[in-house]
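In what follows, a structure is listed as structure tokens, so that the remarks can point back to it.
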Amino acid sequence: MRVAPAQAMRGALAVPGDKSISHRALLLAAIAEGESEIRGFGRSGDTLSTVSALRALGVEVDDDGERVRVGGVGLEGLREPAAPIDCGNAGTLARLLAGLLAGQRWRQFELTGDDSLRARPMGRIVEPLRRMGAGIEAAQGGRLPLGIEGRPLRPIRYELPVASAQVKSALLLAGLYAQDGPTTIIEPLVTRDHTERMLESAGVRIQRKQQEISVWPTDRLRPLSLEIPGDFSSAAPFLVAATLLPGSELRIAGVNLNPTRIGFLNVLERMGARVSVFNRRSLGGEPGGDLEVTHASLVATSVKASEVPLLVDELPLFALVAACAHGESTVTGAADLRVKETDRIEAVTSALRGLGVRIAATGDGFRVRGVPTRIRGGRMDAAGDHRIAMLGGVAGMVSREGVEVGGAEAAAISFPGFFQLLAALAQRLPLIEP
Ligand code: S3P
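Under the numbering used here, residue 426 is the last one in the sequence shown; the count climbs by one each step, no gaps.
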């Protein structure tokens, strides 16, 4: 896909429903008592993997394009599937589902995924789930496929060695089955809290004291009726394009503004970006609102370890923003980027370097020498990673020569139609050809 430079970004848009919340809504609805209704579902490659996984487990999921209805089978009602469950590219699905399956007594399951997911670490869930009494076995090196036998579980008190919302959530879900709980998770840094919020609204007893979260076992979950807000991570590429291009003005309606997700907004603001939030309201049990962004000149900044979980998926975009800001920007404490859909430290630095950006990888982040002007442009490869594909789209818009993005179709993992929307909002429609 070739993305030509744009003069400015103007107009109004909405982004797909939040991916993290969409996965969680399906999973909790599956084990609730009765029918749940989900509106604003974020349909994407990843969330469709969750739909198929649940169907394979005997859950009825009906999507009429408007709303998704899920026939909950109750906490222990998931059926043993005929074949291994394919989690595709979705780490959130593989890890959260493992937590649920660990409690499905005496049934056997196998979880697998695509090449990228099979290379990602699963030891981080296997080890604590085993402490809870789970029958769970990973392949060589703590990878997928995972073999799981559902067993009675016991509560644990567990300090997470890495700040990961996926691991926290897997353990909270397993905690629903842990007799005589509570199960308590201590996080080293605050991470996204969608699971906690949704469990609370399904009637589960949850206690939160700063970074310590406890969940009590339950014998039933109330079905959900939920409107999922727009995904801030999908709004972020548009915030970047509009901030970097003079004359831009974009309005993005109905975006999730959960404080555990908007670290990138705070970083952009301290670099000098002009983003206003208005119509603040509660959206599906989460804080939300509309965003308006106009062009601004930016100065460099440092992203510290404690901020990383709050903008972890936006760090590739941060690298591009930093390339166009005055001065040297750095990211530290982000070693976990190396075990995302790709090694994102490697993928971002090599992609942007190929477009003329002065960026260097470090062990746990990167360093960027920014110049407040358009980047040169050139060719880059998405390396099968949706966030790198979208980075390429924005990079093309803010470049002098345009960007040829190899493997741009990866964007559909979280945002089908991303490149079309980007092009539709670009002033002086850039030439985009397959
Ligand atoms: C997610 C948590 C984060 C994030 C991922 C989605 C979630 O992963 O990068 O895109 O939905 O819980 P980690 O928990 O591995 O940091």
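Think of the CB as a built atom: it goes at the ideal place given N, C-alpha and C, for glycine as much as any other residue.
- At least one heavy atom of the ligand S3P lies closer than 8 angstroms to the C-beta of D328.
- By the beta-carbon neighbour count (other beta carbons within 10 angstroms, threshold 16), T365 is exposed.
- Looking at the backbone, the Cα of K11 and that of E320 are separated by about 32 angstroms.
- Contact between R110 and A162 does not hold, since the beta-carbon distance rounds to 18 angstroms and is not under 8 angstroms.
- With distances taken between CA atoms, L283 lies nearest to L249 out of L249, F310 and D305.
- Under the criterion of beta carbons closer than 8 angstroms, T104 and P137 qualify as touching, at roughly 4 angstroms.
- For V51, the three-state secondary structure derived from DSSP is coil.
- When distances are taken from the beta-carbon of V349 to the heavy atoms of the ligand S3P, even the shortest one reaches 8 angstroms or more.
- By a beta-carbon distance limit of 8 angstroms, S240 contacts M1. Their separation comes to about 4 angstroms.
- Annotation for G83 indicates a beta carbon within 8 angstroms of some heavy atom of the ligand S3P.
- Taken in chain order, the complete beta strand (DSSP E) segments of 3 residues or longer contained in the region 184 to 242 are 198 to 201, 204 to 207 and 217 to 219.
- S391: not part of any beta strand (DSSP E); DSSP gives it neither H nor E.
- Using a cutoff of 8 angstroms, the CB of K332 counts as near the ligand S3P, since one of the ligand's heavy atoms is closer than that.
- Take the alpha-carbon of L213 and the one of V159: they are about 21 angstroms apart.
- In the DSSP assignment, Q100 falls within the beta strand (DSSP E) that extends over Q100 to T104.
- For V118, the secondary structure class from DSSP, reduced to helix, strand or coil, is helix.
- When the beta-carbon positions are compared, A(-4) and L216 stay at least 9 angstroms from each other.
- Here S226 has V7, P8, S406 and F407 as same chain residues with Cβ atoms under 7 angstroms from its own Cβ, once five neighbours each way along the sequence are excluded.
- DSSP places L283 inside the beta strand (DSSP E), whose first and last residues are E278 to T286.
- Looking at the backbone, the Cα of A170 and that of P120 are separated by about 13 angstroms.
- For V159, the uninterrupted alpha helix (DSSP H) run begins and ends at A157 to G167, by DSSP.
- Residue nearest to A416 within the set I198, E299 and M389 is M389 (criterion: CA-CA distance).
- When DSSP states are grouped into helix, strand and coil, T176 belongs to the strand group.
- The distance from the Cβ of G255 to that of E299 is about 5 angstroms, consistent with a contact at the 8 angstroms cut-off.
- With a cutoff of 8 angstroms, P301 counts as near the ligand S3P, since its C-beta is closer than that to a heavy atom of the ligand.
- In this structure, the beta-carbon distance from R371 to E396 falls below 9 angstroms.
- Using a cutoff of 8 angstroms, the CB of S156 counts as near the ligand S3P, since one of the ligand's heavy atoms is closer than that.
- Boundaries for I140: no alpha helix (DSSP H) harbours it, while the beta strand (DSSP E) harbouring it runs R135 to E141, taken from the DSSP string.
- C-alpha of D377 to C-alpha of E401: approximately 9 angstroms in a straight line.
- If you draw a straight line from the Cα of V51 to the Cα of L67, it is about 12 angstroms long.
- Take the alpha-carbon of I23 and the one of R359: they are about 45 angstroms apart.
- Look at S44 here: in three-state DSSP terms it is helix.
- The DSSP-derived three-state label of F407 is coil.
- Taking all protein chains in view, the Cβ of S274 is surrounded by fewer than 16 other Cβ atoms within 10 Å, so the residue is classified as exposed.
- Non-local beta-carbon contacts of D335 in its own chain, meaning distances under 8 angstroms to residues more than five positions away in sequence, involve L329 in chain order.
- As computed with DSSP, S274 is found in a beta bridge with P279.
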